[in-house]
Structure formats: C-alpha cells, structure tokens
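**Q** Counted the way the numbering used here counts, the sequence shown spans residues 5 to 83. Cβ coordinates follow ideal geometry from the N, Cα and C atoms, glycine included. My questions will all concern the structure given below.
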Amino acid sequence: MNTFQITQFFLYMTIFNYIVLMIWFLAFVFAKGSIRRLHGHWFSLSEQQFDAIHYAGMAIYKIGILLFGLAPYLALRLL
C-alpha cells in the first residue's frame, strides 16, 4: 500500500464512523423511548442515567474517531 491508499482508507474510515455516530444520535433523539424500553428489560436505569450513558458513549466514540481516524488522515495529508 502506498501513502495515497492509506490516506484514502483513513478518510473513508472517518466518514463511515461519523455516519455511524449520526445514526446513533438520530436514533437516540427520535427513538429514545423504544431504546429505553429495550434496555429497560436488562438494566434498571433512571432516565438521567440512561441519557448520561448515551451522551458519554457518543462523546467517547467521537474522541475515538478524532484520534484514530481524523488525526492520522490529517497527518498523512500534510506529508
């Protein structure tokens, strides 16, 4: 693999992961009740705990995208 192919890989990986993050966010916004009922069968969480866990998960996922997708892409792009 050459540098161009690796750069393209990181670009597509970053785009794909941002799409996954947006789907997660939209599902959380528009289907929150359904998701909460589904998880309520397994976990006894208050609404505040449920929201905090999802927002923290989205934040950690976004940081992972930035560190493992966007940063390597930008570093390779600047070469």
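1. Of the residues T7, I19, M5, H58, which one's Cα is nearest the Cα of L74?
2. Closer than 7 Å by C-beta to I10: which residues in its own chain qualify, once you throw out the five before and the five after it? Chain order, please.
3. If distances are taken between C-alpha atoms only, which option among L82, L83, Y77 comes closest to L15?
4. Do you know how far the Cα of R40 is from the Cα of S48?
5. Would I69 be called buried (16 or more neighbouring beta carbons within 10 Å of its own) or exposed?
**A** Considering the structure as presented:
1. Mapped onto the sequence shown, residue 74 falls at position 70. In this structure, I19 is the residue among T7, I19, M5, H58 with its C-alpha nearest to the C-alpha of L74.
2. Counting from 1 along the sequence shown, the entry for residue 10 is found at position 6. Only L80 meet the Cβ criterion.
3. Taking the first residue of the sequence shown as 1, we reach residue 15 at position 11. Comparing Cα positions, the closest option is Y77.
4. The residue given as residue 48 occupies position 44 in the sequence shown. The residue given as residue 40 occupies position 36 in the sequence shown. Those two C-alpha atoms are separated by around 10 Å.
5. The residue labelled residue 69 in the question sits at position 65 within the sequence shown. By the neighbour-count rule (16 or more Cβ atoms within 10 Å), I69 is buried.
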